[in-house]
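Novice:
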Amino acid sequence: MYIIIVGGGEVGYYLAKALLDEGHEVLMVEKEAERSEFIIDELGSVCVRGDGCEAATLAEVGTGRADMLIAVTGDDEDNLVACQVAKHKFNVPRTIARITNPKNEAIFKKLGIDVTVSATNIILEYIEQEVPTHPLTHLLTIRDKGLEIVEVKIPPDSTTVGKPVKELSLPPESVLSLIIRKEQKPYVPAANTILQAGDHIIAVTTPESEGALRAALRGD
Amino acid sequence: MKVVIMGCGRVGARLAGLLDAEGHLVTILDTDTYSFRRLPPTFGGTALVGNGIDEESLKKAGIEEADAFVAVTQGDNRNVMAAQIARHIFNVPNVICRIYDPIRRELYNTLGIEAFSPTTIFAQMLKERLEK
Numbered sequence: 236m237y238i239i240i241v242g243g244g245e246v247g248y249y250l251a252k253a254l255l256d257e258g259h260e261v262l263m264v265e266k267e268a269e270r271s272e273f274i275i276d277e278l279g280s281v282c283v284r285g286d287g288c289e290a291a292t293l294a295e296v297g298t299g300r301a302d303m304l305i306a307v308t309g310d311d312e313d314n315l316v317a318c319q320v321a322k323h324k325f326n327v328p329r330t331i332a333r334i335t336n337p338k339n340e341a342i343f344k345k346l347g348i349d350v351t352v353s354a355t356n357i358i359l360e361y362i363e364q365e366v367p368t369h370p371l372t373h374l375l376t377i378r379d380k381g382l383e384i385v386e387v388k389i390p391p392d393s394t395t396v397g398k399p400v401k402e403l404s405l406p407p408e409s410v411l412s413l414i415i416r417k418e419q420k421p422y423v424p425a426a427n428t429i430l431q432a433g434d435h436i437i438a439v440t441t442p443e444s445e446g447a448l449r450a451a452l453r454g455d
Numbered sequence: 048m049k050v051v052i053m054g055c056g057r058v059g060a061r062l063a064g065l066l067d068a069e070g071h072l073v074t075i076l077d078t079d080t081y082s083f084r085r086l087p088p089t090f091g092g093t094a095l096v097g098n099g100i101d102e103e104s105l106k107k108a109g110i111e112e113a114d115a116f117v118a119v120t121q122g123d124n125r126n127v128m129a130a131q132i133a134r135h136i137f138n139v140p141n142v143i144c145r146i147y148d149p150i151r152r153e154l155y156n157t158l159g160i161e162a163f164s165p166t167t168i169f170a171q172m173l174k175e176r177l178e179k
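Heads up: the sequence lines are chains A and B, in that order. To convert, count from 1 in the first sequence and add 235; that's the working numbering. To convert, count from 1 in the second sequence and add 47; that's the working numbering.
(1) Counting only beta-carbon atoms, is A:Ile-357 nearer than 8 Å to chain B?
(2) Mind checking which residues open and close the alpha helix (DSSP H) that includes B:Asn-141?
(3) A:Glu-289 CB to nearest chain B CB: under 8 Å?
(4) Can you tell me whether DSSP reads A:Val-447 as helix, strand or coil?
(5) Of the residues that make up the segment 304-315 of chain A, which ones have a beta carbon closer than 8 Å to any beta carbon in chain B?
(6) Is A:Ile-239 near A:His-259, with beta carbons less than 8 Å apart?
(7) Taking the runs of the beta strand (DSSP E) that are 3 residues or longer, which of them lie wholly in the segment 352-388 of chain A?
(8) Secondary structure at A:Arg-270, three-state DSSP: helix, strand or coil?
(9) Give me whichever residues DSSP pairs with A:Thr-441 in a beta bridge.
(10) Determine the contact status of A:Cys-288 and A:Asp-313, defining contact as a CB-CB distance below 8 Å.
(11) I'd like to know whether the C-beta of A:His-435 is nearer than 8 Å to at least one C-beta of chain B.
(12) Report the neighbours of B:Leu-158 on chain A: residues whose CB is nearer than 7 Å to its CB, in chain order.
(13) Could you tell me if B:Lys-106 is buried or exposed, where buried requires 16 or more neighbouring beta carbons within 10 angstroms of its beta carbon?
(14) Closest Cβ-Cβ distance between A:Val-241 and chain B: below 8 Å?
(15) Are A:Glu-386 and A:Leu-375 touching if we call contact CB-CB under 8 Å?
(16) Going along chain A, which residues have a C-beta under 8 Å from B:Ile-150?
(17) Which of the residues in the segment 110-140 of chain B, read from start to end, lie with their CB under 9 Å from any CB of chain A?
(18) Given this structure, state the Cα-to-Cα distance separating B:Pro-165 from B:Arg-61, to the nearest angstrom.
(19) Name the residues in the segment 79-101 of chain B whose C-beta lies less than 8 Å from a C-beta of chain A; which are they?
(20) Kindly list the residues whose CB is nearer than 6 Å to the CB of A:Val-307, restricted to its own chain and excluding five residues on each side of it in sequence; keep chain order.
(21) Do you know how far the Cα of A:Asn-427 is from the Cα of A:Asn-339?
(22) Does B:Leu-154 have its Cβ less than 8 Å from a Cβ in chain A?
(23) Checking 8 Å against the spacing of the C-beta atoms, do B:Leu-76 and B:Gly-97 come in under that value?
(24) Along the alpha helix (DSSP H) that carries B:Arg-166, what are the first and last residues, could you check?
(25) Any chance the segment 81-95 of chain B sits against the segment 154-162 of chain B, with 3 or more Cβ pairs inside 8 Å?
(26) Can you tell me which of A:Gly-454, A:Leu-278, A:Ser-444 puts its alpha carbon nearest to the alpha carbon of A:Gly-381?
(27) Considering only their Cβ atoms, is the gap separating A:Ala-290 from A:Val-320 smaller than 8 Å?
(28) Shortest alpha-carbon distance to A:Pro-337 belongs to which of A:Thr-351, A:Asn-326, A:Glu-265, A:Arg-329?
(29) Beta carbons nearer than 7 Å to chain B: which residues of the segment 339-356 of chain A have them?
(30) Pick from B:Ile-143, B:Met-172, B:Met-48, B:Arg-134: whose alpha carbon is nearest that of B:Gly-54?
(31) Under 8 Å between beta-carbons, which chain B residues line up against A:Val-320? List them in chain order, please.
(32) For A:Pro-399, name the three-state secondary structure that DSSP assigns.
(33) Just mark B:Glu-161 as buried or exposed, buried being the case when its beta carbon has 16 or more other beta carbons within 10 Å.
(34) Can the beta-carbon of B:His-135 be found less than 8 Å from the beta-carbon of A:Leu-346?
(35) Is it the case that the Cβ atoms of B:Val-51 and B:Ile-110 are separated by a distance below 8 Å?
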């Protein structure tokens with residue numbers, strides 16, 4: 236694949252390195268002369284100095300035949316424009332933008348960017364997983380379906396302990412997929428499975444009904 | 048008419064002053080309070096510290112009821128992103144932005160954003176003046 240990377244910061248540098256190792260044709264566009272020289276010294280002649288948001292620069296690096304453009308500068312607006320120019324001027328089939336402000340995820344999607352990666356959100360999710368008392372943890376997002384896989388822990392004082400699954404008022408979009416219990420093999424819950432204190436429940440839900448699912452499972 | 052202007056530079060401040068003097072409701076946004084010194088002393092609109100590419104700041108500036116949005120910061124990309132948010136997220140009927148880069152301006156015009164490039168306009172003016 237021919238992949239263009241816009242932005243030669245830390246993310247861009249390691250991304251280029253990884254993609255080159257995988258055998259892809261990679262070209263990076265970096266604004267600053269010094270940084271661009273550093274990349275060429277380290278990775279070979281895979282970097283062009285220029286503004287990746289400018290159509291002239293993108294034309295020069297052969298964006299017309301690129302399979303993918305990944306914009307990873309530190310500025311959300313620059314990443315948006317680089318992706319839009321690639322998409323609308325050069326018909327690049329797939330564009331990926333790094334975003335810093337998690338709120339931009341929805342905006343970018345609406346403006347036609349194929350994939351966004353929010354480092355801030357990823358870090359938050361990992362930290363969430365490490366906080367033992369956190370009632371609901373995001374495990375995975377299934378982007379194009381608007382679904383997510385979450386984990387909910389049942390505390391001992393929860394009013395749902397001792398109740399069968401069929402008596403819980405779960406939101407319609409949610410499905411309980413797995414119960415993980417101490418010293419037991421994980422299993423798929425049935426309608427008459429009784430909830431126990433300390434259960435870890437893996438469920439599929441939508442971002443909107445996440446709160447309702449948590450409330451239904453923990454009785455809060 | 049309710050107008051939200053993003054960027055209180057020379058152009059933004061001047062436009063805000065002109066519209067305000069004609070009785071329009073003007074809110075001007077800038078990330079730097081110091082830039083508001085450019086507003087005329089008679090300015091009766093609202094000057095708000097905030098980032099025009101942030102939904103919350105735009106809401107605070109009243110974008111939801113605005114008839115027009117103008118993006119005139121120094122950054123082409125910031126202007127373009129703010130203009131698209133105003134147009135496609137908040138459905139502001141009249142959205143105008145400044146894009147210095149003529150090629151980028153052309154692209155966004157085809158994407159439904161009304162954009163002006165001072166570079167093209169001024170160069171053309173100079174040429175006409177020289178040829179007179």
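Beta carbons are placed, not taken as given, at the ideal position from N, Cα and C, and that holds for glycine.
Specialist: So, from the data block:
(1) The count along the first sequence starts at 1 and reaches residue 357 of chain A at position 122. So, not an interface residue.
(2) Counted from its first residue, the second sequence places residue 141 of chain B at position 94. Per DSSP, B:Asn-141 lies in no alpha helix (DSSP H) segment; the continuous beta strand (DSSP E) that holds it begins and ends at 141-145.
(3) As a position in the first sequence, residue 289 of chain A is number 54, starting the count at 1. With its beta carbon less than 8 Å from one in chain B, A:Glu-289 belongs to the interface.
(4) Counting from 1 along the first sequence, the entry for residue 447 of chain A is found at position 212. The residue asked about is misnamed: residue 447 of chain A is Ala in this sequence, not Val. In this structure, A:Ala-447 counts as helix in the three-state DSSP scheme.
(5) Taking 8 Å as the upper bound on Cβ-Cβ separation, chain B lies near residues Asp-310, Asp-311, Glu-312, Asp-313, Leu-315 of the segment 304-315 of chain A.
(6) Translated into the one-based positions of the first sequence, residue 239 of chain A becomes position 4. Translated into the one-based positions of the first sequence, residue 259 of chain A becomes position 24. Cβ atoms of A:Ile-239 and A:His-259: not closer than 8 Å.
(7) List check, beta strand (DSSP E) in window: 371-377, 382-388.
(8) In the first sequence, the residue the question calls residue 270 of chain A occupies position 35. In the three-state reduction of the DSSP assignment, A:Arg-270 falls in the helix class.
(9) The residue labelled residue 441 of chain A in the question sits at position 206 within the first sequence. Residue pairing for A:Thr-441: DSSP places it in no beta bridge.
(10) Start at 1 with the first residue of the first sequence, and residue 288 of chain A comes out as number 53. Start at 1 with the first residue of the first sequence, and residue 313 of chain A comes out as number 78. Against a cut-off of 8 Å, the Cβ pair of A:Asp-313 and A:Cys-288 comes out as a contact.
(11) Locating residue 435 of chain A in the first sequence gives position 200, counting from the first residue. No, A:His-435 lies away from the interface with chain B (no Cβ there is under 8 Å from its Cβ).
(12) Within the second sequence, the letter at position 111 stands for residue 158 of chain B. Correct list: His-323.
(13) Position 59 of the second sequence, counted from the start, is the residue given in the question as residue 106 of chain B. Sixteen is the threshold: since fewer than 16 other Cβ atoms of the shown chains lie within 10 Å of the Cβ of B:Lys-106, the residue is exposed.
(14) For the purposes of this step, residue 241 of chain A is identified with residue 6 of the first sequence, where counting begins at 1. So no, A:Val-241 is outside the interface.
(15) Along the first sequence, read from residue 1 onward, the residue named residue 386 of chain A stands at position 151. Along the first sequence, read from residue 1 onward, the residue named residue 375 of chain A stands at position 140. Against a cut-off of 8 Å, the Cβ pair of A:Leu-375 and A:Glu-386 comes out as no contact.
(16) On the second sequence, residue 150 of chain B is found 103 positions in, with the first residue counted as 1. Near B:Ile-150 (Cβ distances below 8 Å), the residues of chain A are Glu-289, Ala-290, Ala-291.
(17) Answer in chain order: Gly-122, Asp-123, Asn-124, Arg-125, Asn-126, Val-127, Met-128, Ala-129, Gln-131, Ile-132, His-135, Ile-136.
(18) Position 118 of the second sequence, counted from the start, is the residue given in the question as residue 165 of chain B. Position 14 of the second sequence, counted from the start, is the residue given in the question as residue 61 of chain B. Just so you know, the alpha carbons of B:Pro-165 and B:Arg-61 end up roughly 16 Å apart.
(19) Only those residues of the segment 79-101 of chain B whose C-beta falls short of 8 Å from the nearest C-beta of chain A are listed: Ile-100, Asp-101.
(20) Taking the first sequence and counting its residues from 1, one reaches residue 307 of chain A at position 72. So the list reads Gly-242, Val-246, Gly-247, Arg-333, once near-sequence residues are dropped.
(21) Counting from 1 along the first sequence, the entry for residue 339 of chain A is found at position 104. Counting from 1 along the first sequence, the entry for residue 427 of chain A is found at position 192. Taking the straight line joining both Cα atoms gives about 42 Å.
(22) Position 107 of the second sequence holds residue 154 of chain B. Residue-level contact by beta carbon holds for B:Leu-154 and chain A, with a gap shorter than 8 Å.
(23) Position 29 of the second sequence, counted from the first residue, corresponds to residue 76 of chain B. Position 50 of the second sequence, counted from the first residue, corresponds to residue 97 of chain B. In this structure, B:Gly-97 lies closer than 8 Å to B:Leu-76 by Cβ.
(24) Position 119 of the second sequence, counted from the first residue, corresponds to residue 166 of chain B. Looking at the sequence provided, one finds Thr at residue 166 of chain B rather than Arg. From DSSP, the alpha helix (DSSP H) with B:Thr-166 extends over 165-178.
(25) Segments in contact, no.
(26) Residue 381 of chain A sits at position 146 when you count from the first residue of the first sequence. Comparing Cα positions, the closest option is A:Ser-444.
(27) Working through the first sequence from its first residue, we reach residue 320 of chain A at position 85. Working through the first sequence from its first residue, we reach residue 290 of chain A at position 55. Yes; because the gap between Cβ atoms is below 8 Å, this pair is in contact.
(28) Along the first sequence, one-based indexing puts residue 337 of chain A at 102. Selected option, being the one with the closest Cα: A:Thr-351.
(29) Ile-342, Lys-345, Leu-346: these are the residues of the segment 339-356 of chain A whose beta carbon lies less than 7 Å from some beta carbon of chain B, given in chain order.
(30) On the second sequence, residue 54 of chain B is found 7 positions in, with the first residue counted as 1. Here the closest residue by C-alpha is B:Ile-143.
(31) Taking the first sequence and counting its residues from 1, one reaches residue 320 of chain A at position 85. Contact annotation for A:Val-320 against chain B: Arg-151, Leu-154 [CB-CB distance below 8 Å, chain order].
(32) Along the first sequence, one-based indexing puts residue 399 of chain A at 164. Three-state DSSP puts A:Pro-399 in a strand.
(33) Counted from its first residue, the second sequence places residue 161 of chain B at position 114. That one is exposed.
(34) Here the question's residue 135 of chain B lines up with position 88 in the second sequence. Here the question's residue 346 of chain A lines up with position 111 in the first sequence. Yes. Within cutoff.
(35) As a working mapping, residue 51 of chain B is identified with position 4 in the second sequence. As a working mapping, residue 110 of chain B is identified with position 63 in the second sequence. Yes, they are a contact pair.
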